[in-house]
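My numbering applies: residue 791 is where the sequence shown begins, and numbers increase by one.
Yeah, the Cβ is synthetic: ideal placement off N, Cα and C, and Gly gets one too.
This one's a predicted model, so the numbers in the text were calculated from it and none came from an experiment.
Reading through the structure tokens given below for one structure.
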Amino acid sequence: MQHNIYIYIFVMAAVTFLIRVLPLTLIRKKITNKTLRSFLYYVPYVTLAVMTFPAIIEATNSVISGVAALIVGILLAYFGVSLFGVAVCSCVAVFVIELVLKFL
Numbered sequence: 791m792q793h794n795i796y797i798y799i800f801v802m803a804a805v806t807f808l809i810r811v812l813p814l815t816l817i818r819k820k821i822t823n824k825t826l827r828s829f830l831y832y833v834p835y836v837t838l839a840v841m842t843f844p845a846i847i848e849a850t851n852s853v854i855s856g857v858a859a860l861i862v863g864i865l866l867a868y869f870g871v872s873l874f875g876v877a878v879c880s881c882v883a884v885f886v887i888e889l890v891l892k893f894l
């Protein structure tokens, strides 16, 4: 059975369009509900975290080095280290942990 790729592309475009246009057309007033505003404020951060968290853990040869890099990154970011510094230190943490695990 041959599937028509144009149907898939059209459905994808329609869904993407509706997701972006419906809120603009249905919600005209400013949102005053504190709970809803708080929810909408954190949606981008949660979405980014959900997409990147598994990749951080599974990107290395072992889960241990991925978790170590995550912990190093979280701690350094909490203490105000720059994004570049966090990335470099997390990579160094993975490198060191992988070397240690190689010799065990």
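Environment of residue i [buried if 16+ CB atoms lie within 10 Å]
| i | result |
| --- | --- |
| residue 972 | Missing from the structure shown is residue 972; the chain here goes from 791 to 894 and no further. |
| residue 856 | buried |
| residue 886 | exposed |
| residue 828 | exposed |
| residue 815 | exposed |
| residue 845 | exposed |
| residue 872 | exposed |
Residue i, enclosing alpha helix (DSSP H) - first and last residue
| i | result |
| --- | --- |
| residue 896 | Residue 896 falls outside the range modelled here, since the chain spans only 791 to 894, and no answer is possible. |
| residue 896 | No information on residue 896 is available, as it lies outside the stretch 791 to 894 that the chain covers here. |
Where residue i falls: helix, strand or coil (DSSP)
| i | result |
| --- | --- |
| residue 949 | This structure cannot settle anything about residue 949, because the visible part of the chain is limited to 791 through 894. |
| residue 800 | helix |
| residue 818 | coil |
| residue 863 | helix |
| residue 869 | coil |
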